[in-house]
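Colleague: Numbering-wise (our numbering), the sequence shown opens with residue 4 and increments by one.
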Amino acid sequence: IGLANPERRFAQRMGIPQFSYAQMLGSLMRQKKGVCIAGTHGKSTTTALTAYVLENAGVSPSAVIGAELCNQNLNGWAGEGPLFVAESCEYQRSFLNLYPYYAAITNIEPDHFDYFKNQDDMTTAYAEFVSRIPVSGHLLLPGTCLGLHKIREACKAKVTTFSLERGADWWATDIKPTAFGLRFRLFHQGDYFSEISLQKTGRHNVCNAMVAAILCHTAGIEAEEIREGIYQFPGIHRRYERMGSYKGITLYDDYAHHPTAIQSTLKMLRQEYPDRRVWCLYEPHQVSRTQALMEYYARSFTLADKILIAPVYAAREKLEHEPVETSKELVNRILRHNDSARFSSSLDQMVSTLETEAQSGDIIITMGAGEINRIHHELNRRLQRDS
Numbered sequence: 004i005g006l007a008n009p010e011r012r013f014a015q016r017m018g019i020p021q022f023s024y025a026q027m028l029g030s031l032m033r034q035k036k037g038v039c040i041a042g043t044h045g046k047s048t049t050t051a052l053t054a055y056v057l058e059n060a061g062v063s064p065s066a067v068i069g070a071e072l073c074n075q076n077l078n079g080w081a082g083e084g085p086l087f088v089a090e091s092c093e094y095q096r097s098f099l100n101l102y103p104y105y106a107a108i109t110n111i112e113p114d115h116f117d118y119f120k121n122q123d124d125m126t127t128a129y130a131e132f133v134s135r136i137p138v139s140g141h142l143l144l145p146g147t148c149l150g151l152h153k154i155r156e157a158c159k160a161k162v163t164t165f166s167l168e169r170g171a172d173w174w175a176t177d178i179k180p181t182a183f184g185l186r187f188r189l190f191h192q193g194d195y196f197s198e199i200s201l202q203k204t205g206r207h208n209v210c211n212a213m214v215a216a217i218l219c220h221t222a223g224i225e226a227e228e229i230r231e232g233i234y235q236f237p238g239i240h241r242r243y244e245r246m247g248s249y250k251g252i253t254l255y256d257d258y259a260h261h262p263t264a265i266q267s268t269l270k271m272l273r274q275e276y277p278d279r280r281v282w283c284l285y286e287p288h289q290v291s292r293t294q295a296l297m298e299y300y301a302r303s304f305t306l307a308d309k310i311l312i313a314p315v316y317a318a319r320e321k322l323e324h325e326p327v328e329t330s331k332e333l334v335n336r337i338l339r340h341n342d343s344a345r346f347s348s349s350l351d352q353m354v355s356t357l358e359t360e361a362q363s364g365d366i367i368i369t370m371g372a373g374e375i376n377r378i379h380h381e382l383n384r385r386l387q388r389d390s
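(1) Which first and last residues belong to the beta strand (DSSP E) in which residue 343 is found?
(2) Going by alpha carbons, who is nearest to residue 154 out of 92, 172, 110 and 287?
(3) So what's residue 210 in DSSP terms, helix, strand or just coil?
(4) Using a Cβ-Cβ cut-off of 8 Å (strictly less than) and excluding sequence neighbours within five positions of residue 75, which residues of its own chain qualify?
(5) Taking contact to mean 3 or more Cβ pairs, one atom from each stretch, closer than 8 Å, check whether the stretch 97-108 and the stretch 27-35 are in contact.
(6) Could you say which of 185, 156, 279 and 145 lies nearest to residue 174 if we only look at CA atoms?
(7) Any contact between the stretch 216-223 and the stretch 56-69? By contact I mean 3 or more CB pairs, one from each, below 8 Å.
(8) Could you name the residues that DSSP lists as bridge partners for residue 188?
(9) Note the first and the last residue of the continuous alpha helix (DSSP H) segment covering residue 152.
(10) Contact defined as beta carbons within less than 8 Å: I believe residue 159 pairs with residue 178. What is the distance between those atoms, to the nearest angstrom?
(11) May I have the straight-line CA-CA distance separating residue 337 from residue 295, to the nearest angstrom?
(12) Give me the Cα-Cα distance between residue 120 and residue 372, rounded to the nearest whole angstrom.
(13) Out of 270, 138 and 375, state which residue places its alpha-carbon closest to the alpha-carbon of residue 304.
(14) Could you tell me the distance, in whole angstroms, from the CA atom of residue 163 to the CA atom of residue 147?
(15) Assuming residue 67 contacts residue 79 (C-beta within less than 8 Å), just tell me the rounded distance between them.
(16) Going by beta-carbon coordinates alone, are residue 393 and residue 375 separated by less than 8 Å?
(17) Alpha carbon to alpha carbon, what distance is there between residue 165 and residue 189?
(18) Could you tell me which residues DSSP pairs with residue 370 in its beta bridges?
(19) On the DSSP bridge list, what partners appear for residue 28?
(20) Helix or strand or just coil, what does DSSP make of residue 163?
(21) Does the Cβ-Cβ distance between residue 207 and residue 44 come in under 8 Å?
(22) Are residue 252 and residue 172 close, meaning C-beta to C-beta below 8 Å?
(23) Could you compute how far the alpha carbon of residue 176 sits from the alpha carbon of residue 241?
(24) Roughly how many angstroms separate the alpha carbons of residue 8 and residue 21, rounded to a whole number?
(25) DSSP on residue 39, reduced to helix/strand/coil?
(26) Report the residue from 193, 187, 196 and 194 whose alpha carbon sits nearest the alpha carbon of residue 205.
(27) Is it right to say residue 183 is buried, meaning 16 or more other beta carbons lie within 10 angstroms of its own, or is it exposed?
(28) Can you tell me where the beta strand (DSSP E) holding residue 65 begins and where it ends?
(29) Between 311, 14, 333 and 24, which lies nearest to residue 360 when the distance is taken from Cα to Cα?
(30) Does residue 171 come out as helix, strand or coil in the three-state DSSP assignment?
(31) Among 150, 113 and 215, whose alpha-carbon lies nearest the alpha-carbon of residue 52?
(32) Measuring straight from C-alpha to C-alpha, what distance separates residue 6 and residue 14?
(33) Exposed or buried, which one is residue 247 when buried takes at least 16 other CB atoms within 10 Å?
(34) Look up residue 71 in the DSSP assignment and say whether it is helix, strand or coil.
(35) Assuming residue 47 and residue 239 are in contact, meaning their beta carbons sit under 8 Å apart, how far apart are those beta carbons, in whole angstroms?
(36) Tell me whether residue 340 is buried or exposed, calling it buried when 16 or more other Cβ atoms sit within 10 Å of its Cβ.
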């Protein structure tokens with residue numbers, strides 16, 4: 004919220020103290036032991052999982068999550084216990100306002116091109132973040148990631164690593180699908196720790212669950228309580244969320260707005276519905292991100308049968324390229340790898356296309372961090388109107 008905001012101007016005139024979201028979060032966390040989850044992907048799910056397991060174990064943590072828990076419609080609460088679990092965002096170095104005691108970095112990929120000058124600038128921010136962990140604290144890092152050595156060197160606390168392969172301090176193996184999701188076995192330095200089951204699919208969710216399990220174990224939670232909490236976890240909104248179905252058409256919504264997340268979500272969808280026609284409706288998020296990762300985006304939709312691209316949701320950035328032009332460029336690049344991509348001038352046009360072309364048995368998934376999830380209500384309304 005900029006300085007020109009009327010409420011901020013009034014507060015300034017009245018001498019009322021003003022705090023950014025991150026500053027306020029830091030002031031609350033300072034009174035407890037921070038459990039901070041950072042990284043390019045998986046922050047919200049891992050934060051929610053960690054908080055949920057700790058809550059179920061009776062620790063009564065405080066929590067601030069970047070998305071609402073399904074079936075509970077809340078994304079944070081004040082607990083009576085000593086731990087404060089928080090999603091920790093790197094954008095504008097906001098996580099430097101926090102006070103981590105336990106911290107995890109899920110992964111690091113190039114992102115936030117409207118703020119970070121380059122990859123080294125972003126890695127430096129993460130290094131500054133982990134340097135805030137006290138010597139008695141604990142840092143969990145992926146076995147391999149961008150700038151790993153620099154980040155590890157900046158940390159005064161104990162550092163452990165995790166991976167889906169042997170070689171890290173913690174690793175997951177024997178990943179198997181189940182009737183409700185998947186299960187895997189978790190090992191720590193060669194010793195078997197636990198078998199974990201979750202009601203989600205996708206290897207990225209194995210990583211999310213693994214990080215949550217390790218953080219909770221580090222905070223003193225027993226393996227049995229960790230298993231129970233992860234299995235009972237209901238998920239969070241806008242993460243591979245089933246929105247319903249009508250006339251044989253199944254609707255999903257996902258927050259994916261980075262090429263890696265798009266690929267992972269479509270792979271998960273294709274594994275669940277190998278013989279169904281998949282519509283992917285994507286609203287790009289930020290012109291700078293879309294331009295910088297254009298070719299990666301172009302290759303990320305290969306598992307979709309039908310692709311509709313909306314104008315870029317520009318969000319906070321100052322534009323050098325128009326949102327419509329950038330989306331049209333993305334469509335042209337996608338067509339080199341998938342000949343079913345089309346540009347839609349608005350979300351309403353997307354709904355109209357689906358009205359006339361979607362068939363019973365189709366899967367429709369919306370993706371993006373902007374407003375694209377709003378079309379589900381309108382699509383359901385029109386489908387029911389025409390029934």
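From the three backbone atoms N, C-alpha and C, an ideal C-beta is built for every residue, glycine too. Since the structure is predicted, the reported quantities are computational estimates derived from the model, not experimental observations.
Modeller: The answer reads as follows:
(1) First-last for residue 343: undefined, no H or E at that position.
(2) Each of 92, 172, 110 and 287 was checked against the Cα of residue 154, and the nearest Cα belongs to 110.
(3) DSSP places residue 210 in helix when its eight states are reduced to three.
(4) Excluding residues within five positions, the ones whose Cβ falls inside 8 Å are 237.
(5) These segments touch.
(6) Ranking the options by Cα distance to residue 174, first place goes to 145.
(7) Here the stretch 216-223 lies against the stretch 56-69, with 3 or more beta-carbon pairs under 8 Å apart.
(8) According to DSSP, which records beta bridges pairwise, residue 188 is partnered with 176 and 198.
(9) Boundaries of the alpha helix (DSSP H) harbouring residue 152: 151-157, taken from the DSSP string.
(10) About 34 Å; that fails the 8 Å criterion.
(11) One alpha carbon belongs to residue 337, the other to residue 295, and they sit about 15 Å apart.
(12) Put simply, the backbone Cα of residue 120 is about 22 Å away from that of residue 372.
(13) Minimum Cα distance to residue 304 is reached at 270.
(14) Residue 163 and residue 147: Cα-Cα distance of roughly 12 Å.
(15) About 4 Å separates the beta carbon of residue 67 from that of residue 79, a gap short enough to meet the 8 Å contact definition.
(16) The shown model of the chain, from 4 to 390, leaves out residue 393, and the question about it has no answer.
(17) Spanning the two alpha carbons is a distance of roughly 10 Å.
(18) According to DSSP, which records beta bridges pairwise, residue 370 is partnered with 257 and 285.
(19) Paired residue(s): none; residue 28 is not in a bridge.
(20) Strand, per DSSP.
(21) Result yes, Cβ atoms of residue 207 and residue 44 sit closer than 8 Å.
(22) In this structure, residue 172 does not lie closer than 8 Å to residue 252 by Cβ.
(23) Their Cα atoms are separated by approximately 28 Å.
(24) Each residue's Cα considered, the two are about 12 Å apart.
(25) Collapsing the DSSP output to three states places residue 39 in a strand.
(26) With distances taken between Cα atoms, residue 205 lies closest to 187.
(27) Classified as exposed, residue 183 has fewer than 16 neighbouring CB atoms from the shown chains inside 10 Å of its CB.
(28) Unbroken beta strand (DSSP E) run through residue 65: 65-67.
(29) Cα-wise, what sits closest to residue 360 is 311.
(30) If DSSP states are grouped into helix, strand and coil, residue 171 belongs with the strands.
(31) Considering only alpha carbons, the answer is 215.
(32) It is roughly 10 Å from the alpha-carbon of residue 6 to the alpha-carbon of residue 14.
(33) The Cβ neighbour count for residue 247, taken over all protein chains shown within 10 Å, is under 16; the residue is labelled exposed.
(34) In the three-state DSSP reduction, residue 71 falls in the coil class, being neither helix nor strand.
(35) The Cβ separation is near 6 Å, so the contact holds.
(36) Exposed: under 16 other Cβ atoms inside 10 Å.
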